[in-house]
Amino acid sequence: MLQTPLLEDILEIYTKIPDDLTLWKTKNLQLSHENILENIFVLSTNIASFFNIRHNNLTRSIYKLQNEGQLPKRLLNFEQPYESGNRTRLTHTVYALTRHQTYHLIMDFSGPKARSKKHAIVARL
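Heads up: take any position in the sequence shown, counting from 1, add 1, and you land on the numbering used here.
See below:
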């Protein structure tokens, strides 16, 4: 079985923007006009936190969009440890989404709260 890398193995912080959204970039890569869209990422955990939804529900949305062909089957991902409610240490898969992939994901969200937050996140990306 292939081991999924950890965050610090593949990404580094590019910049932080309001509302606890951190933009990440490919580690040790010099960004240019030609490669910036493919190498700046938003983490699925940050999106879940921003929209106040559980990460496993967001992951289901990612799987659904992959099955529909809206997102690629192979997304950049890594394992991240977290502590469950009973202090058990677990890991989950976190996805690093490009700007366009993030747009596809958040456009799938619905409801009145999601609408205003979608506009807020799109304005910041």
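C-beta: ideal position from N, C-alpha, C; glycine also.
Between residue 24 and residue 52, is the Cβ-Cβ spacing less than 9 Å?
-> Numbered from 1 along the sequence shown, position 23 holds the residue referred to as residue 24. Numbered from 1 along the sequence shown, position 51 holds the residue referred to as residue 52. Result no, Cβ atoms of residue 24 and residue 52 do not sit closer than 9 Å.
Helix, strand or coil: how does DSSP classify residue 19 here?
-> Here the question's residue 19 lines up with position 18 in the sequence shown. Three-state result, residue 19: coil.
Quick one: Cα of residue 11 to Cα of residue 118, how far?
-> In the sequence shown, counting from the first residue as 1, residue 11 sits at position 10. In the sequence shown, counting from the first residue as 1, residue 118 sits at position 117. Taking the straight line from one Cα to the other gives about 28 Å.
Host alpha helix (DSSP H) of residue 35 (start-end) | Against the sequence shown, residue 35 aligns to sequence position 34. No alpha helix (DSSP H) contains residue 35, which DSSP labels as neither H nor E.
As assigned by DSSP and simplified to three states, the class of residue 52 = By 1-based counting over the sequence shown, the position of residue 52 is 51. Three-state DSSP puts residue 52 in coil, outside helix and strand.
Straight-line gap, residue 2 to residue 29 (C-alpha atoms, nearest Å) | Counting from 1 along the sequence shown, the entry for residue 2 is found at position 1. Counting from 1 along the sequence shown, the entry for residue 29 is found at position 28. Low per-residue confidence applies at residue 2: pLDDT is 41, beneath 50, and the placement is therefore not dependable, though the value from the model is reported in the following sentence. Answer to the nearest angstrom: the Cα atoms are 27 Å apart.
For the beta strand (DSSP E) containing residue 81, list its first residue and its last residue.
-> Along the sequence shown, one-based indexing puts residue 81 at 80. Residue 81 -> beta strand (DSSP E) spans 78-84.
If you count every other CB in all the chains shown that lies within 10 Å of the CB of residue 26, and 16 or more means buried, which is it?
-> Counting from one through the sequence shown, the residue named residue 26 turns up at place 25. Buried is the call here.
Give the single residue among 32, 49 and 36 whose Cα lies nearest to the Cα of residue 22.
-> Counting from 1 along the sequence shown, the entry for residue 22 is found at position 21. When only C-alpha atoms are compared, the closest one is 49.
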